[in-house]
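A.B. asks: Here the sequence shown stands for residues 1 to 108, where the numbers follow the UniProt record's numbering.
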Amino acid sequence: MAIIRCPKCAKSISDKHKQCPHCESNIAELNDEQVLQLQREQRIKKKQMFINHSFLALILFLGGFFCLYFLQPQEETLQWYAYTAAIGIGCIWYLVNRIILVTLKKKK
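In structure tokens, the structure reads:
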């Protein structure tokens with residue numbers, strides 16, 4: 001008995017299952033081409049999720065930067081800390097997402 005990934009939901013299941021207990025997908029009826037197609041779709045969904053996250057991170061970074069630049073709050077105030085935190089979190093979040101996307105691209 002081996003643990004495999006469901007081609008539809010990508011959760012771990014036993015290779016003895018004929019139907020995925022998570023997504024109720026009938027695994028026994030799938031041929032190799034259908035399994036590859038489902039895996040491609042999962043990979044595309046995962047990439048799209050990280051692309052969306054990187055856009056959100058970029059918006060957070062730019063929002064913090066523009067607020068800090070145009071509103072010019074006094075240093076050491078709550079607003080100043082919030083804007084600099086938004087810049088830092090957005091930058092790190094963006095970089096992490098981009099690194100993940102590059103590694104996903106190399107796994108092809």
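Glycine included, each C-beta is placed from N, C-alpha and C at the ideal position. All values reported here derive from a predicted model rather than from experimental measurement.
1) Taking 8 Å as the limit between beta carbons, can you name the residues of its chain near Leu104, skipping five residues before and five after?
2) With DSSP as the reference, please indicate the residues paired to Arg5 in a beta bridge.
3) Mind checking whether Leu60 and Ile89 have CB atoms under 8 Å apart?
4) Can you tell me where the alpha helix (DSSP H) with Phe61 in it begins and where it stops?
5) Within a Cβ cutoff of 6 Å, which residues of the same chain sit near Leu101, ignoring the five residues on either side of it in sequence?
6) Can you look up Gln74 in the DSSP assignment and give me helix, strand or coil?
7) To the nearest angstrom, how far is the alpha carbon of Tyr83 from that of Ala57?
C.D. replies: In short, the structure shows the following:
1) Result list for Leu104: Arg43, Lys46, Lys47 and Phe50, in chain order.
2) Ser12.
3) Result yes, Cβ atoms of Leu60 and Ile89 sit closer than 8 Å.
4) Element bounds for Phe61: Asp32 to Phe66.
5) Phe50
6) coil
7) 14 Å
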